[in-house]
Amino acid sequence: MSAVMKPATAVTWTRICRVDEIPQLGARVVKSAHGNIAVFRNGEDEVFALLDKCPHKGGPLSQGIVFGRKVACPLHGWNIGLDDGAAVAPDHGCTRSFAVKLVDGAVFIGLN
Amino acid sequence: MKKLKLVLVGNGMAGVRALEELLKIAPDLYDITVFGAEPHANYNRILLSPVLAGEMTLKDIMLNDVDWYATNGITLHLNKKIAKIDRVARKVIAADGTEAPYDRLLLATGSNPFMLPVPGAKLDGVITYRDIQDTNAMIDSAARFKNAVVIGGGLLGLEAANGLKLRGMNVTVVHLMEWLMERQLDRSAAGMLQKTLEAKGLAFKLKTQTAEIVGSDDGGKAGRVTAVRFKDGAEVAADLVVMAVGIRPNTDLAEAAGLYCNRGIVVNDTMQTYDPRVYAVGECVAHRGLAYGLVAPLFDMAKVCANHLGNFGIGRYQGSTLSTKLKVTGVDLFSAGDFTGNPDTEEILFNDAIGGVYKKLLVKDNKLIGCVLYGDTVDGSWYFQMLRDKQDIHEIRDHLMFGQSHLGNAGHQGQNKAASMADTAEVCGCNGVCKGTIVKAIKEQGLFTLDDVRKQTKASSSCGSCTGLVEQILSSTVGGAYQPAEAKNKPMCACTEHTHEEVRKVLLEQKLKTIPAIMAFMEWITPNGCASCRPALNYYLLCAWPHEYTDDKQSRFINERAHANIQKDGTFSVIPRMWGGSTSSSELRRIADVVDKYKIPTVKVTGGQRIDLLGVKKEDLPGVWRDLDMPSGHAYAKALRTVKTCVGSEWCRFGVQDSTQMGIDLEKDLWRMYAPHKVKLAVSGCPRNCAESGIKDVGVIGVESGWEIYIAGNGGIKTEVAQFLCKLKTSAEVLEYAGAFLQLYREEARYLDRTVHYVARVGIDYVKQRIVDDAANRAALYARLRDAVSGEKDPWQERAAGTDAREFELLEA
Ligand code: SRM
Ligand SMILES: Cc1cc2nc3c(=O)[nH]c(=O)nc-3n(C[C@H](O)[C@H](O)[C@H](O)COP(=O)(O)OP(=O)(O)OC[C@H]3O[C@@H](n4cnc5c(N)ncnc54)[C@H](O)[C@@H]3O)c2cc1C
Ligand code: SF4
Ligand code: FES
């Protein structure tokens, strides 16, 4: 295997909206070059970002019911972890997650 | 904080299940130490029979391996029998001297098989059937010897005999009673069972008492068994004798420690012994005077015990009703309750000796009190559920015997016998799950409940029409260990211990008016519930506090949040209301324009007499609604959907009533009404019934003298014909009766029950009594419904005007 050094891609932080523009236990959809991204806010005002595509059959996770640190996909009810995009057992699969941070009530998403 | 110390004595099915339940709800409360007398980690004892029969291996039946204990930080002592409990010093002492202190002690020592005290019982080759060691001894004997005698023709004896036969031995089953499994079967069913087993090569000696076990004399010390001699002097040659004549709760340790025992370690409803620090679960206990010998009640006990150990303190164990299933491949047998009967009981019997199907149902005071099924057990759990729920059956009595599925269920080719299905046959049509996959999951993952199977395989998790088949596969794989949940006491979901009924009652009594308030007051286990309890709570609040409660949109399924139906590609469908299925040229023109303007790919006439625009982008929805300028059809909601009508007396040459107008009036009266599930009506102008009123939640049929009202029909997954409620004269009466019935349903049904399920539970007589016989109550119900819908606005109009705009807006990055 050749050892190619990957240039460390700098994360660009993009401001999305204010946290109170996302409903508690809900989500907003962000259009991006990577496709639609679902940005969730849970009961403790933590924010998460996942590709808006369920690992099962591509359902829009942004439209699901949010509880704890999970979202139930609206199409067939798979539960997906908000931290990492991984399906909760017994289902298998993982959807891409994105870095997010909160600065003074504003939500930033890390894209590269 | 220093953790408390919990010690479990008995590493069997009940004890470890209690630990599993405890770890689920209070993972960090205890330092746990487990002592097991057997050298194995926790295995599924009931699957020893398939192991003996050669259908599974020991590896297949492990429930929790050693790693599981390590992962959960549990100290495990295998092969260590506890010899003494020192209750003063609060520690247990093993036979080899190992000690462990405790703050809480859990005894789950199971039971000991009973040995007949006959001469020769100590000979080599005379064993009982309880654990891996016994099973291995039998497998080993089968390889080396020819003749086996099994003493005891009960469940365990027959499973042992079947296994030994399959391993090539000549097997004779000796039974004291007149027929096999006399505690679970009546004479006829037992006779059929015996015939089937004889065809498999087993020999039987009934009404036979064992007098002595004869052995070779090995120079003074006892040698190996050679024969079994009976009271009448007859003898059968035997190289192996298996005693399966009953079990005794294993109370030695508890008794020696001074804990009160009476046919088991005596426990209260919270599974505590007379020493409140000491809990006990499983076959070793006596609860309200009963000791159990099947797994299902032990699991219930484990749950309650864990709840108390975890300091939640809300569960109570109140005893169990049991059912039995023999795990012999190819034998379909189910029994529950009292099946012997007496002069006060009525018997419903089906007996097809040639076809090998026998069913007996015993009824007392219009309630099912027992059943025996042989050859076709698909309805076993249905009967069992009615039996435990003490459901009044007099309305369904005439088709009770033909079972739950006699009208047919959609989606699995009319199959109703799991036993005769091939492994490749599809059981669940929604999720494409075949029988082999289900059996494999049950065995390999140690599943015991319908919920587990649903979670792991998805079978029956969607439309549910194959539930009966899945239950049947479960019970033939795990035997009596499968017990359908008792509907009355079933919690709403895993987030709570409370039932739907309890929640509805408490929120009214305590005037709880928000979801967080209910969750706090009723001690929800999870921080904000789940996708199953939140929508239910939201509906219950909406129904209880009509104008006060603000709908919690985040607790609504997406369809109800966006007021449109989500499609597989994430777009939405829009179905505007067309009152009674009627429309006009201007509405049609607007629809056509909207389709063009928003480039809507599909337009379809629905099965509910209206028009569906499919493939609308979410962000376009408010615009579509504005331009359509038609009310929401609520085709996406648990609410009033369509009122189908036929043309009726205005045009039709047979019509005797104006069904179209009646339908429009009903729809205008009831729309905007949220309900536990969707609600559909139909009105036909004469008994030819072109609007199909016979399969609707409320069906209205015009006759010369007025209207006939039918309720609780269903045209979906399982077609159910609506039942006659009453006959009325005027349209105003139709509105009042229909509205009152639907309000009753709104107030009393569980979330996601259609009217058919609700009425099946309470009975049509109850509904008649509340709606038809009691005019004041009817008026009050109808008034409450009118009040509830009076303030509701058309959700589309509101959103077209800007409400909830954010829901439909996209953000950009
Ligand atoms: C559009 C329509 C099919 C069509 O193209 O004709 C339809 C489409 C769906 N039906 Fe239906 N049903 C439609 C008429 C029916 C009918 C016929 C009727 O209403 O006369 C029935 C049988 C009658 C009944 O309900 O008893 C029917 C029985 C079901 C069932 C089974 C209900 C049951 O209790 O057994 C479901 C599943 C459910 O609701 O849980 C269902 C579920 C669905 C869902 C909502 C599936 C879903 O959850 O996404 C479909 C939505 C597709 C969409 O986005 O538009 N649909 N569905 C019909 C809409 C009628 C309308 O104008 O509102
Ligand atoms: C072959 C067979 C088939 C069965 N089939 C079915 C069926 O189809 N359906 C059904 O519902 N039930 C069935 N059962 C019954 C079911 O297995 C029992 O009801 C269940 O296992 C009881 O669980 P328990 O935890 O109370 O006891 P056990 O599972 O017996 O566990 C008790 C454990 O405690 C250990 N122990 C005892 N004393 C001590 C001590 N002093 N120190 C340390 N450890 C100790 C024992 O060694 C044992 O491992 C079957 C049983 C057998 C044997
Ligand atoms: S419209 Fe109804 S029958 Fe057709 S696929 Fe959807 S749910 Fe099934
Ligand atoms: S697409 Fe998400 S569960 Fe099927």
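Which chain is which? The protein sequence lines are V and Y, in order. For the first sequence, our numbering begins at 1 and goes up steadily by one. For the second sequence, our numbering begins at 1001 and goes up steadily by one. Even for Gly, the Cβ is constructed at its ideal location relative to N, Cα and C. None of these values were measured; they are calculated from a predicted model.
Have a look at Y/Gly-1607, Y/Val-1656, Y/Cys-1434 and Y/Gly-1648 and flag the residue whose alpha-carbon is nearest the alpha-carbon of Y/Ala-1635.
Y/Gly-1607
Buried or exposed (CB count within 10 angstroms, at least 16 for buried), Y/Phe-1339:
buried
I want to see whether chain V comes within less than 8 Å of Y/Thr-1526, judged by CB atoms only; does it?
yes
Would a check of beta-carbon distances place Y/Cys-1428 closer than 8 Å to chain V?
no
Identity of the residue in Y/Ser-1649, Y/Lys-1553 and Y/Val-1574 nearest Y/Lys-1835 by Cα:
The question about residue 1835 of chain Y has no answer, for chain Y in this structure spans 1001 to 1813.
Residue span of the alpha helix (DSSP H) that contains Y/Asn-1147, given as start and end
Run containing Y/Asn-1147: none in the alpha helix (DSSP H); it sits in the beta strand (DSSP E), 1147 to 1151.
Check whether chain V comes within 8 Å of Y/Leu-1811, counting only Cβ atoms and requiring the distance to be less than that.
yes
Assuming Y/Gly-981 contacts Y/Ala-1238 under a Cβ cut-off of 8 Å, what Cβ separation, rounded to an integer in Å, is found between them?
The displayed coordinates of chain Y run from 1001 to 1813. Any statement about residue 981 of chain Y would go beyond what the structure contains.
At a CB-CB cut-off below 9 Å, which residues of chain V make contact with Y/Lys-1568?
Lys-57, Gly-58, Gly-59 and Leu-75
I want to see whether chain Y comes within less than 8 Å of V/Val-4, judged by CB atoms only; does it?
Note that V/Val-4 scores 44 on pLDDT, short of 50, meaning its location in the model is unreliable; the coordinates nonetheless yield the value given after this. With 8 Å as the cut-off, V/Val-4 does not count as an interface residue toward chain Y.
Determine whether the beta carbon atoms of Y/Val-1281 and Y/Gly-1015 lie at a separation below 8 Å.
yes
Beta-carbon neighbours of V/Lys-31, restricted to chain Y and to distances below 9 Å
Leu-1810, Leu-1811, Glu-1812 and Ala-1813
Buried versus exposed call for Y/Gly-1264 [16 or more other C-beta atoms within 10 Å across all chains shown]
buried
Decide if Y/Trp-1651 is buried, meaning its Cβ has at least 16 other Cβ atoms within 10 Å, or exposed.
exposed
Would the C-beta of Y/Asp-1612 count as close to ligand 1, meaning under 7 Å from any of its heavy atoms?
yes
Drop a sphere of 10 angstroms on the beta-carbon of Y/Lys-1511, count the other beta-carbons inside from all chains shown, and report buried for 16 or more, exposed for fewer.
exposed
On the criterion of 16 or more Cβ atoms from any shown chain inside 10 Å, does Y/Gln-1456 qualify as buried, or is it exposed?
buried
Can you check whether the CB of Y/Ile-1085 is closer than 8 Å to the CB of Y/Phe-1035?
no
In chain order, what are the residue ranges of uninterrupted beta strand (DSSP E) at least 3 long that sit wholly in the region 1104 to 1149 of chain Y?
1104 to 1107, 1111 to 1113 and 1126 to 1128
Out of curiosity, what's the CA-to-CA distance linking Y/Ser-1475 and Y/Leu-1206?
28 Å
Can you check whether the C-beta of V/Arg-28 is within less than 8 Å of a C-beta belonging to chain Y?
yes
Closest to Y/Leu-1333 by CA distance: which of Y/Lys-1303, Y/Tyr-1598 and Y/Leu-1373 is it?
Y/Leu-1373
Please check the pair Y/Val-1503 and Y/Ile-1518, which I expect to be a contact at CB under 8 Å, by giving their CB distance rounded to whole angstroms.
7 Å
Ordered along the chain, which non-local residues of its own chain (more than five positions away) have a Cβ less than 6 Å from that of Y/Arg-1045?
Met-1013
Of the residues Y/Thr-1324, Y/Asp-1697 and Y/Gly-1380, which one's Cα is nearest the Cα of Y/His-1757?
Y/Asp-1697
Excluding the 5 residues flanking Y/Glu-1560 on each side, which residues of the same chain have their C-beta closer than 6 Å to its C-beta?
Ala-1637
Endpoints, the alpha helix (DSSP H) within which V/Leu-50 is located:
Not the alpha helix (DSSP H): V/Leu-50 falls in the beta strand (DSSP E), residues 47 to 51.
Should Y/Ala-1712 be counted as a contact of ligand 1 given a C-beta to heavy atom distance under 7 Å?
no
Which partner residues does Y/Cys-1261 have in the DSSP bridge list?
Y/Ile-1265
Sequence-distant residues of the same chain with beta carbon closer than 8 Å to Y/Ile-1025, five excluded per side
Ala-1306, Asn-1307, Gly-1310, Phe-1312 and Ile-1525
For Y/Arg-1229, list the residues DSSP reports as bridge partners.
Y/Glu-1212 and Y/Glu-1235
Taking 8 Å as the cut-off, decide whether the C-beta atoms of V/Asp-84 and V/Cys-73 are in contact.
no
When the cut-off is 8 Å and only beta carbons count, does V/Gly-93 lie next to chain Y?
no
Which residues in chain V sit within 7 Å of Y/Lys-1513, going by Cβ to Cβ distance?
The contacting residues do not exist; Y/Lys-1513 stays about 18 Å from chain V at best.
Buried versus exposed call for Y/Lys-1325 [16 or more other C-beta atoms within 10 Å across all chains shown]:
buried
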